[in-house]
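Residue numbers for the sequence shown follow the working numbering, beginning at -17 and rising by one.
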Amino acid sequence: MAPHTFSIYKRPALSLSKACVAFQDGLFSFYLDYSDVDNSNRGAAFRSERKQSARPMGPNNSFTGGRWRSGGRRYEMGGAGGGFKGLWELSAPGEVLIRTVISCMPSDADVCHAYQILKRGGLKDENIVVFMYDDIADNDLNPRRGTIINHPTGGDVYEGVPKDYTGKQVTVENLYAVILGDKSAVKGGSGKVVDSKPNDRIFIYYSDHGGPGVLGMPSMPYLYAKDFIEVLKKKHASGTYKEMVIYVEACESGSLFEGMMPDNLNIYVTTASGAEENSWGTYCPGMNPSPPPEYITCLGDLYSVAWMEDSESHNLKRETIEQQYLQVKERTSNHNTYSSGSHVMEYGNKSFKPEKLSLFQGFDPATMDLPPNRVHDTKYRMDVVNQRDADVLFLWERYKTIKDPAEKAEHLKLITDTILHRKRLDGNIDVIGLVLFGPENGPSVLNSVRARGLPLLDDWECLKSMVRVFEAHCGSLTQYGMKHMRAFANMCNNGVSSAKMEEACAAACGGHGHTKWSHVYGLYSA
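And the structure:
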C-alpha cells in the first residue's frame, strides 16, 4: 500500500495548530494537538487602545504575536500491517485577537515534538499530514525565531514539520473528515485524509485546552464528546483499521470517554486527566526545571512530555503500550503525589496493551541498545501550573519584561481585564444556578458529578443549546470558561428548557451588552 501521512496540530490561547499523519509499511499514525486559549477573546478581545496591527499568537508554549486562540489538542493514529503505513497528527488553535501577546500553552511544541518522534521512527513525510496555525515559530516574541523547543535543554522541534492544514482550515469538520478518510468533505488545505486500510494501526495524539465533555478548537465550534465518539464508531464500521491508540492532553479529558467509549471498537485511549481534573503545564518560567531565561512561556504539558520523553528513552520494539501507560501515569501524577498532577486514565479496548509501541509510533534505530523500560532521571517532582492559569502566567512574565511605562500600564490592564472577566464569568454561572434552582440548591446542582461509569449527560444537543444561549447573553466562554461545561450539563440533567435558560441568562447577564467578550466577535462554541 502506498505510504500515507496526516498530521494536525491545534493549540490554546493564541492561534496555532498543526497536525501530521504518516504512513510506512503498515503503520498509520494520526496526531492532533489542540491548545485552548480564550476563545472569547476573539475579535476585539484584548484589543489595544493604540491602533497597532494585531499579530497572530501561538498556542501552547509557542509564540504568536497578536492572536489568542482557544483549544489545542493532539491526536496521532498509527496503522499496522507489517511496517508503518501511516501517521496522523492534528492540532488547531484558539481564536482571539489581542495585540502583541503570545500563548503560554505548549501544545504547538508538543505537536512538533511528537512529529519528530514519528519521523525518527521511520514515518515518511509523504505519509504525514499536518494541521497548524503556524504562527509561533516566527513570532516577534519568540526569542529564537524560526524554532520551537519542548524541553529546557532540548533542540528545535519545528524544523521539517509538514503543514497541510493551517489557520482557519483547522476545524472540527476537517478533523472528522480527515479521520474518516472523506476527501470530499475536507475544506481547503492539501486534501490529505486518513486513507487507512483494514490491517492498518492508527495512533492519535491530541493536545489542547478542554472542559467536561469538550475539547477546544482554534475555530468554533468545540469538539464535543458525543460527536467524536460517533466519528470513531463510523470509522470502525468502515473496516479501515486494525487497531487504534489515542492519547489526549486536555483538562477533564477523561470526561470525553467516561461512560461513552465502547470497548468493541479496537480502540485504546489514555487521557491526561480524569473526568473532574485539570491537566498541567510544565517547564515554565520560575519553576523547576525552568526554560532558558529568554523564554516567558511554558514549554510543555506534563502528560505530553511524559509520554514523548518516555518514547525517546526506550527501545519501542521492546516497550509495550501498557509499560508506557504505567510510566506516564506515575510521572503525570507527579510521582503519586497528585498535589500538582493528575490521574492518567484509560478507556476502550485494553486487550492489545501488551503490543509493542513500535507498531504505533515507529522505531528509532538510535534506541536499539536502550532497555524497554529504563528508569527515568525525572523521579523528582516537577513544578507545574494549572493549564487554565498558564495564559495568566505568560501575561505576567511578559509584563515583567516590558520597559516602556505606557506599554507596561497597558499590559497590566490586559492582565486585570483577563482576571476580572474570569470572576465575572464565574459569577454569571453562580447567578444562573441561583435563578434556576434557588440559593440553597444552585451550587450543589451545578457542581454535581454523576456516578463513575456514566457519561457527563445523556442529551448532548441540550448541552449545545445551553452553551449557545449562554454565549448569546453573556459572551464567549473562553478557554477558562470551558470548565463550566459541567454546570451546563447538569442543567440538562435536571430538565432545564432553553426558555428557562434564556430567562436565567437574561437576569444574570442582561446588562453586559456587546463587550469585547461578546460572541458577536466570533462564532459560537456550540
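Where a beta carbon is used, it is the ideal one built from N, C-alpha and C, also for glycine. All of these numbers come straight from a predicted model, not from anything done at the bench.
In terms of residues, what are the limits of the beta strand (DSSP E) holding N475? The sequence position of residue 475 within the sequence shown is 493, counting from 1. For N475, no beta strand (DSSP E) segment is defined; the enclosing uninterrupted segment is the alpha helix (DSSP H) at M467 to N475.
Report yes if the CB atom of V413 is closer than 8 Å to the CB atom of A489, and no otherwise. In the sequence shown, residue 413 corresponds to position 431, counting from 1. In the sequence shown, residue 489 corresponds to position 507, counting from 1. Yes, the pair counts as a contact, with Cβ atoms nearer than the cut-off.
Can you look up S340 in the DSSP assignment and give me helix, strand or coil? Along the sequence shown, read from residue 1 onward, the residue named residue 340 stands at position 358. Taken through DSSP and simplified to helix, strand or coil, S340 comes out as helix.
Which residues share a DSSP beta bridge with S189? On the sequence shown, residue 189 is found 207 positions in, with the first residue counted as 1. Answer is E231, bridged to S189.
In terms of residues, what are the limits of the beta strand (DSSP E) holding I278? In the sequence shown, residue 278 corresponds to position 296, counting from 1. Element bounds for I278: n/a, residue is neither H nor E.
Classify T302 as buried or exposed, calling it buried when 16 or more other Cβ atoms lie within 10 Å of its own Cβ. Position 320 of the sequence shown, counting from 1, holds the residue named residue 302. Within 10 angstroms of the beta-carbon of T302 lie 16 or more other beta-carbons, which makes it buried.
Evaluate E276 with the Cβ neighbour count: other Cβ atoms within 10 Å of its Cβ, from every protein chain shown; 16 or more gives buried, anything less gives exposed. Here residue 276 refers to the residue found at position 294 of the sequence shown. So E276 counts as exposed.
My parser needs the beta strand (DSSP E) runs of 3 or more residues fully inside the segment 83 to 151; what are they? none
Less than 8 Å separating the beta-carbons of S322 and V374? For the purposes of this step, residue 322 is identified with residue 340 of the sequence shown, where counting begins at 1. For the purposes of this step, residue 374 is identified with residue 392 of the sequence shown, where counting begins at 1. The answer is no: Cβ separation not under 8 Å.
Say yes only if the C-beta of R370 is nearer than 7 Å to one or more non-hydrogen atoms of the ligand FAD, and no if none qualify. Among the components modelled here there is no ligand, and therefore nothing to report on the ligand FAD.
Reduced DSSP secondary structure (H/G/I, E/B, other) of V196: As a working note, residue 196 is residue 214 in the sequence shown. The answer is strand: DSSP assigns V196 an E or B state.
Is the beta carbon of Y204 closer than 8 Å to that of V196? Here residue 196 is taken as the residue at index 214 of the sequence shown, counted from 1. Here residue 204 is taken as the residue at index 222 of the sequence shown, counted from 1. Going by C-beta atoms, V196 is nearer than 8 Å to Y204.
Check whether the segment 257 to 272 touches the segment 228 to 247, taking contact to mean three or more Cβ pairs, one atom from each stretch, closer than 8 Å. The segment 257 to 272 is in contact with the segment 228 to 247.
At which residue ranges does the segment 283 to 338 contain complete alpha helix (DSSP H) runs of 4 or more residues, listed in the order of the chain? 284 to 294 and 303 to 314
L436 by DSSP, collapsed to three states: which one? By 1-based counting over the sequence shown, the position of residue 436 is 454. Here L436 sits in coil by DSSP.
Of the residues Y115, M114 and V139, which one's Cα is nearest the Cα of R126? By one-based count along the sequence shown, residue 126 stands at place 144. For the options Y115, M114 and V139, the alpha carbon positioned closest to that of R126 is the one of V139.
Check whether the Cβ atoms of T253 and M327 lie closer than 8 Å to each other. The count along the sequence shown starts at 1 and reaches residue 253 at position 271. The count along the sequence shown starts at 1 and reaches residue 327 at position 345. Yes.
Cβ distance (whole Å) where L247 is taken to contact N331 below 8 Å: Indexing the sequence shown from 1 puts residue 247 at position 265. Indexing the sequence shown from 1 puts residue 331 at position 349. Contact holds; Cβ gap of about 7 Å.
Residue interval of the alpha helix (DSSP H) (run including I397): Taking the sequence shown and counting its residues from 1, one reaches residue 397 at position 415. Start and end: P387 to N429.
Can V143 and V160 be called in contact, C-beta distance under 8 Å? Stepping through the sequence shown from its first residue, residue 143 is reached at position 161. Stepping through the sequence shown from its first residue, residue 160 is reached at position 178. Their beta carbons are not under 8 Å apart, which means V143 does not touch V160 by this criterion.
Assign V175 to one of three DSSP states: helix, strand, or coil. Counting from 1 along the sequence shown, the entry for residue 175 is found at position 193. Note: V175 maps to coil in three-state DSSP.
In the DSSP assignment, find the alpha helix (DSSP H) that holds T222 and state where it starts and stops. Locating residue 222 in the sequence shown gives position 240, where the first residue counts as 1. Counting along the chain, T222 falls outside any alpha helix (DSSP H), and DSSP gives it neither H nor E.
Is the beta carbon of D283 less than 8 Å from the beta carbon of E231? By one-based count along the sequence shown, residue 283 stands at place 301. By one-based count along the sequence shown, residue 231 stands at place 249. Result yes, Cβ atoms of D283 and E231 sit closer than 8 Å.
Candidates Y250, S479, T383 and M269, of which the one nearest L525 by Cα: Coverage of the chain is limited to positions -17 through 508, which leaves residue 525 absent and any answer about it impossible.
For N297, which option in Y265, G103 and S426 has the closest C-alpha, if you only look at C-alpha atoms? As a working note, residue 297 is residue 315 in the sequence shown. Of the listed residues, the one whose Cα sits closest to N297 is G103.
Could you please give me the residues that DSSP links to I249 through a beta bridge? Stepping through the sequence shown from its first residue, residue 249 is reached at position 267. For I249, which the question treats as bridged, DSSP gives the partners M226.
Flag this pair as yes or no: are the beta carbons of S480 and S447 separated by less than 8 Å? Along the sequence shown, one-based indexing puts residue 480 at 498. Along the sequence shown, one-based indexing puts residue 447 at 465. Yes, they are a contact pair.
Given 8 Å, three or more beta-carbon pairs between the segment 111 to 121 and the segment 149 to 159: yes
L436 versus G193 - alpha carbon distance: The residue you call residue 436 lines up with position 454 of the sequence shown. The residue you call residue 193 lines up with position 211 of the sequence shown. Distance between the alpha carbons of L436 and G193: 17 Å.
Can you tell me whether R468 is buried or exposed? The criterion is at least 16 other CB atoms within 10 Å of its CB, across all chains shown. Locating residue 468 in the sequence shown gives position 486, where the first residue counts as 1. The residue is buried, with at least 16 neighbouring Cβ atoms inside 10 Å.
Going by DSSP, which residues form a beta bridge with Y265? Residue 265 sits at position 283 when you count from the first residue of the sequence shown. None; Y265 has no bridge partner.
Would you mind reading off the limits of the beta strand (DSSP E) that contains N368? By 1-based counting over the sequence shown, the position of residue 368 is 386. N368 -> beta strand (DSSP E) spans V366 to N368.
For Y320, is the classification buried or exposed, using 16 other Cβ atoms within 10 angstroms of its Cβ as the cut-off for buried? In the sequence shown, the residue the question calls residue 320 occupies position 338. Burial is judged here by how many other beta carbons sit within 10 angstroms of a residue's own beta carbon; Y320 has fewer than 16 and is exposed.
Roughly how far, in whole angstroms, is the beta-carbon of S89 from the beta-carbon of D190, given that I think they are within contact range, below 8 Å? Indexing the sequence shown from 1 puts residue 89 at position 107. Indexing the sequence shown from 1 puts residue 190 at position 208. Indeed they touch by this definition, with Cβ atoms about 6 Å apart.
Cβ neighbour criterion (16 or more within 10 Å) applied to S333: On the sequence shown, position 351 is the one that residue 333 refers to. It counts as exposed.
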